[in-house]
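Participant: Mind having a look at this structure? Questions to follow.
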Amino acid sequence: MLMASVFQSLCAACGGVCDFNDILCESCSASIRKIDARCTNCGHPLNINAAFCGHCADQQIDHYYADYIFEGAARKMILEVKYAWRLRGVSQIGRLCGFFRVDFSLYDTACVVPSHFLRNFVRYVHPVSLIKKALAKNIKFENLLRRTRNTEFQSKLSRRERARNIKGVFETKGGLKGKKIILIDDIITTGSTLREAAKALKKAGADRVDVYALFARRPA
Ligand SMILES: [Zn+2]
Ligand SMILES: [Zn+2]
């Protein structure tokens, strides 16, 4: 058992044996559910397909792309990444990333929402860094955003508190006039952090800001 564990990992969802470089075994990985309903106008995940939705009127984010529902094995996977002591799962996350739906040639650049230093320190690995690694061959990433202050962990807050907590927290160097940007994140929850990031990019002149996230919380 001890020898085997040197070359094998335990699946974060079921505890069974999985590939050394992976986080989930094959069957748990296959259990991750694709988002199968969305707004055809803005792309936001919905519980039934619709031609428009409450997110369409958003002035900051032009289009949403998200692949899987954040529950079950997907949740366990992200938690495992956040508190892992070694980097694993890059290729598994790469295999999950649905970049077949996103035409990266439409964008000038990609960027991730920066987490502040303390958060990077508490979490050894930020899940979005694995997605960034997996997508690096598809598009150039630039650090376009900077946090102006530390914020409370968003997960502890209600939807309204999240929006207030995050207001004005990002700034850019400017000079993004006419740029088409895709913001990359691990999970879309309420979207308030992503909207605030997109707002800063638009203020700096960005022409279009779309979002790609590997997961989205199950739509209500
Ligand atoms: Zn498993
Ligand atoms: Zn919509």
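Just add 61 to wherever you are in the sequence shown, counting from 1, and you've got the numbering used here. Glycine included, C-beta positions come from ideal geometry on N, C-alpha and C.
(1) Is V186 helix, strand or coil by DSSP?
(2) What I want to know is whether the C-beta of H124 ends up closer than 7 Å to one or more non-hydrogen atoms of ligand 4.
(3) If you run the structure through DSSP and keep just helix, strand and coil, what is A134?
(4) Using the C-alpha atoms, what's the distance from C79 back to M62?
(5) State the Cα-Cα distance for the pair R220 and T251, rounded to the nearest angstrom.
(6) Give me the pocket residues for ligand 1, defined as CB within less than 5 Å of any heavy atom, sorted by chain position.
(7) Report, in whole angstroms, the separation of the C-beta atoms of I249 and P188, which I expect to be a contact under 8 Å.
(8) Straight-line CA distance for Q69 to K193?
(9) Give me the residue from D164, R225, R223 and A281 with the minimum Cα distance to K198.
(10) Between N82 and ligand 2, is there a pair consisting of the residue's CB and a ligand heavy atom that are separated by less than 7 Å?
(11) So, does the region 269–278 touch the region 119–127, judging by three or more C-beta pairs under 8 Å?
(12) Apart from the five residues on each side of it in sequence, which residues of its chain come closer than 8 Å, Cβ to Cβ, to C114?
(13) Just checking C79 against ligand 2 - is the residue's beta carbon closer than 7 Å to any of the ligand's heavy atoms?
Facilitator: This is what the structure holds:
(1) coil
(2) In terms of ligand content, the structure shown lacks ligand 4 and carries ligand 1 and ligand 2 instead.
(3) helix
(4) With a pLDDT of 46 at M62, under the threshold of 50, the modelled position of that residue is not reliable, and the figure given next carries that caveat. Rounded to the nearest angstrom, the two C-alpha atoms are 14 Å apart.
(5) 7 Å
(6) C72, A74, C75, G77, C86 and C89
(7) With 8 Å as the limit, I249 and P188 do not qualify as a contact, their Cβ atoms being about 13 Å apart.
(8) 25 Å
(9) D164
(10) no
(11) yes
(12) C100, N102, C103, H105 and L107
(13) no
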